[in-house]
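Here is the structure we will look at, set down as structure tokens.
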Ligand code: PMT
């Protein structure tokens, strides 16, 4: 195994290459790749566009027998909602999400904001039956139409085999999966889109530096020096997904930083679109930045907080249109 080059202060700069040479893959990787490969090949053969949606936050474990970990903020709303609109628009979707974060369709009945049991009613048993045997469960009449619509879309997507789901927990799971899936998606050429909405840890503890057992308290404060997670957008653009249409996200809490950071990402990585969102307005306002040669352009998308619309519907409509142009530009005309 190659080692990452050490720096003078003791921290290490990992390139993507040295990261994968020194950090072990998740045990489920091979099986996950076999399964997703079949899905990709089937849709590549049918000529359908395929999008990889990453969603939710990654964790950084502090111990090998993990009791404590650092987490990244994300409920998975952006990813799960976007996946639904991609499906509605005819894309096949690989939904790579943080275990237990929101998922397309079931997100409408999340346990915390819209508990499923609240939509059900118990009908009393008829007099002849015993209480438990005769009781019927029914859906509240006022919730019926919406549930039927969500359920129909869900069943339809599964009957057509349009949704493939994979999970990650740690940043290490995420990086290994992202690389493997991007490489498998190579067969799609320009028909592959990458929609990177997951909130990815910037710092991690390499396996070689992790304590095997639970870090003991009682010795005063805890000092942990973490290494920087390599930015994988660069190898994605240059090696793993050379023909793919790559959309990254930029989350900021200071609105003044949003545009400069989005621009910087485009210049640094050379991918197709950066979607900037600020933490407090992310459900109602985003900005799509893109670069064409030396020219940088931005498109704002806004919805009203009081309207019954989801901003992801607008985002996906705009991206589909741009992706289609990207596909057409790549077709060599004889
Ligand atoms: O799920 P919700 O609660 O709805 O929240 C959605 C969201 C706010 C998390 C989402 O819209 C969002 O902004 N996601 C990206 C947040 C983020 O991690 O930004 P970043 O600055 O760490 O990374 C920017 C981009 O670089 C990301 O697209 C990521 O794919 C990429 N990256 C990140 C880390 C890394 N080591 N390599 C990368 O290439």
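Residue numbers (full-length UniProt numbering): 1 to 334. By construction, the Cβ of each residue, glycine as well, lies at the ideal position given by its N, Cα and C atoms.
Worksheet item: Hey, would you say the C-beta of residue 256 is under 6 Å away from at least one heavy atom of the ligand PMT?
Response: Sequence index remark: in the chain shown, residue 256 carries index 256 (1-based). No, the Cβ of residue 256 stays beyond 6 Å of every heavy atom of the ligand PMT.
Practice prompt. Under the assumption that residue 245 contacts residue 321 (Cβ atoms under 8 Å), give the Cβ distance between them as a whole number of angstroms.
Written response: Reading the chain shown from its first residue, position 245 is the one you call residue 245. Reading the chain shown from its first residue, position 321 is the one you call residue 321. Actually they do not touch by this definition, with Cβ atoms about 12 Å apart.
Worksheet entry | Among 59, 33, 191 and 113, nearest to residue 323 - alpha-carbon criterion | The residue labelled residue 323 in the question sits at position 323 within the chain shown. For residue 323, the nearest C-alpha among the options comes from 191.
Practice prompt. Could you name the residues of the same chain whose beta carbon sits closer than 6 Å to that of residue 312, not counting the 5 residues immediately before and after it, in chain order?
Written response: Within the chain shown, residue 312 is the residue found at index 312, counting from 1. Cβ neighbours of residue 312 beyond the five flanking positions: 81, 82 and 85.
Item to complete: Please list, in chain order, all residues of the same chain as residue 51 whose beta carbon is under 6 Å from its beta carbon, the five residues on each side excluded.
Response: Residue 51 sits at position 51 when you count from the first residue of the chain shown. Cβ within range, chain order: 86, 91, 93, 193 and 195.
Worksheet item: So residue 235 packs on residue 16, CB below 8 Å; how close in whole Å?
Response: In the chain shown, residue 235 corresponds to position 235, counting from 1. In the chain shown, residue 16 corresponds to position 16, counting from 1. So it is a contact: roughly 5 Å between Cβ atoms.
Worksheet item: DSSP puts residue 61 in a beta bridge; with which residues?
Response: On the chain shown, position 61 is the one that residue 61 refers to. According to DSSP, which records beta bridges pairwise, residue 61 is partnered with 69.
Item to complete: Specify whether the segment 291 to 300 and the segment 50 to 64 touch according to this definition: at least 3 beta carbon pairs, one from each stretch, less than 8 Å apart.
Response: no
Fill in: Bounding residues of the beta strand (DSSP E) (the contiguous stretch that carries residue 219)
Working through the chain shown from its first residue, we reach residue 219 at position 219. Segment: none, residue 219 is in no beta strand (DSSP E) and carries neither H nor E.
Discussion item. Quick check: the Cα distance between residue 71 and residue 135, rounded to an integer number of angstroms?
Written reply: Against the chain shown, residue 71 aligns to sequence position 71. Against the chain shown, residue 135 aligns to sequence position 135. Rounded to whole angstroms, residue 71 to residue 135 spans 44 Å at the Cα level.
Practice prompt. Take residue 183 and list the residues in its own chain whose beta-carbon comes closer than 7 Å to its own, dropping the five residues that flank it on each side.
Written response: Your numbering for residue 183 matches position 183 in the chain shown. 240.
Worksheet item: Within 7 Å (strictly less), CB to CB, does residue 233 reach chain C?
Response: The chain inventory of the structure shown lacks chain C, comprising one protein chain alone.
Practice prompt. Report yes if the CB atom of residue 273 is closer than 7 Å to the CB atom of residue 247, and no otherwise.
Written response: For the purposes of this step, residue 273 is taken as residue 273 along the chain shown, with counting starting at 1. For the purposes of this step, residue 247 is taken as residue 247 along the chain shown, with counting starting at 1. Cβ distance < 7 Å, so residue 273 and residue 247 count as in contact.
Worksheet item: For residue 75, which residues of its own chain have a beta-carbon under 7 Å away from its beta-carbon, when the five flanking residues on both sides are left out?
Response: As a working mapping, residue 75 is identified with position 75 in the chain shown. So the qualifying residues of the chain are 101 and 102.
Worksheet item: With burial defined as no fewer than 16 other Cβ atoms inside 10 Å of the residue's Cβ, what is the status of residue 316: buried or exposed?
Response: Mapped onto the chain shown, residue 316 falls at position 316. With 16 or more other Cβ atoms within 10 Å, it is buried.
Discussion item. Quick check on the burial criterion: 16 or more other C-beta atoms within 10 angstroms. Buried or exposed for residue 250?
Written reply: Taking the first residue of the chain shown as 1, we reach residue 250 at position 250. The residue in question, residue 250, is buried, as its Cβ has 16 or more Cβ neighbours within 10 Å.
Worksheet item: Do residue 29 and the ligand PMT come close, with the Cβ less than 6 Å from some heavy atom?
Response: Looking up residue 29 in the chain shown gives position 29. No, since every heavy atom of the ligand PMT falls outside the 6 Å radius drawn around the Cβ of residue 29.
Worksheet entry | Outcome for residue 97 when other beta-carbon atoms lying within 10 angstroms are tallied against a minimum of 16 | Taking the first residue of the chain shown as position 1, residue 97 is located at position 97. Note on residue 97: 16 or more other CB atoms within 10 angstroms of its CB, so buried under the neighbour-count rule.
Fill in: Given 8 Å, three or more beta-carbon pairs between the segment 151 to 167 and the segment 204 to 219
no
Fill in: Rounded distance between the beta-carbons of residue 55 and residue 95, thought under 8 Å
Taking the first residue of the chain shown as 1, we reach residue 95 at position 95. Taking the first residue of the chain shown as 1, we reach residue 55 at position 55. Right, the Cβ-Cβ distance comes to about 7 Å (below 8 Å), so this counts as a contact.
Worksheet item: Taking 6 Å as the cut-off, is the CB of residue 205 close to at least one heavy atom of the ligand PMT?
Response: In the chain shown, counting from the first residue as 1, residue 205 sits at position 205. The answer is no for residue 205.
Worksheet item: Would you report the Cα separation of residue 221 and residue 68, rounded to the nearest angstrom?
Response: Taking the first residue of the chain shown as 1, we reach residue 221 at position 221. Taking the first residue of the chain shown as 1, we reach residue 68 at position 68. Approximately 15 Å between the Cα atoms of the pair.
Item to complete: Between the Cα of residue 59 and those of 204, 265 and 255, spot the shortest distance and give me the residue it belongs to.
Response: What you label residue 59 is simply residue 59 of the chain shown in a count that begins at 1. Ranking 204, 265 and 255 by Cα distance to residue 59 puts 204 first.
Item to complete: Kindly examine the ligand PMT and report whether one of its heavy atoms sits closer than 6 Å to the Cβ of residue 249.
Response: Looking up residue 249 in the chain shown gives position 249. Yes, the beta carbon of residue 249 sits closer than 6 Å to at least one heavy atom of the ligand PMT.
Worksheet item: How many angstroms separate the CA atom of residue 279 from the CA atom of residue 301?
Response: Taking the first residue of the chain shown as position 1, residue 279 is located at position 279. Taking the first residue of the chain shown as position 1, residue 301 is located at position 301. Answer to the nearest angstrom: the Cα atoms are 15 Å apart.
Worksheet item: Who pairs with residue 274 in a beta bridge, going by DSSP?
Response: Here the question's residue 274 lines up with position 274 in the chain shown. Residue 274 pairs with 248 and 289.
Practice prompt. Could you tell me the distance, in whole angstroms, from the CA atom of residue 275 to the CA atom of residue 289?
Written response: As a first step, residue 275 is located in the chain shown; it is residue number 275 there, counting from the start. As a first step, residue 289 is located in the chain shown; it is residue number 289 there, counting from the start. Looking at the two C-alpha atoms, the distance is approximately 6 Å.
Worksheet item: Is it buried or exposed for residue 53, if we count other Cβ within 10 angstroms and need 16 for buried?
Response: Residue 53 sits at position 53 when you count from the first residue of the chain shown. Looking at its Cβ environment, which holds 16 or more other Cβ atoms inside 10 Å, residue 53 is buried.
Discussion item. Quick check on residue 187: does DSSP put it in helix, strand or coil?
Written reply: Looking up residue 187 in the chain shown gives position 187. Three-state result, residue 187: helix.
Discussion item. Among the candidates 286, 170 and 157, whose CA atom is the shortest distance from the CA of residue 27?
Written reply: Taking the chain shown and counting its residues from 1, the one referred to as residue 27 is at position 27. If we check each option's Cα against that of residue 27, 170 comes out closest.
Worksheet item: CA-CA distance, residue 177 and residue 99?
Response: Walking along the chain shown from the start, residue 177 turns up at place 177. Walking along the chain shown from the start, residue 99 turns up at place 99. So the alpha carbons of these two residues sit roughly 14 Å apart.
Worksheet item: DSSP beta-bridge partners for residue 228?
Response: As a working note, residue 228 is residue 228 in the chain shown. DSSP output for residue 228 lists 13 and 203 as bridge partner(s).
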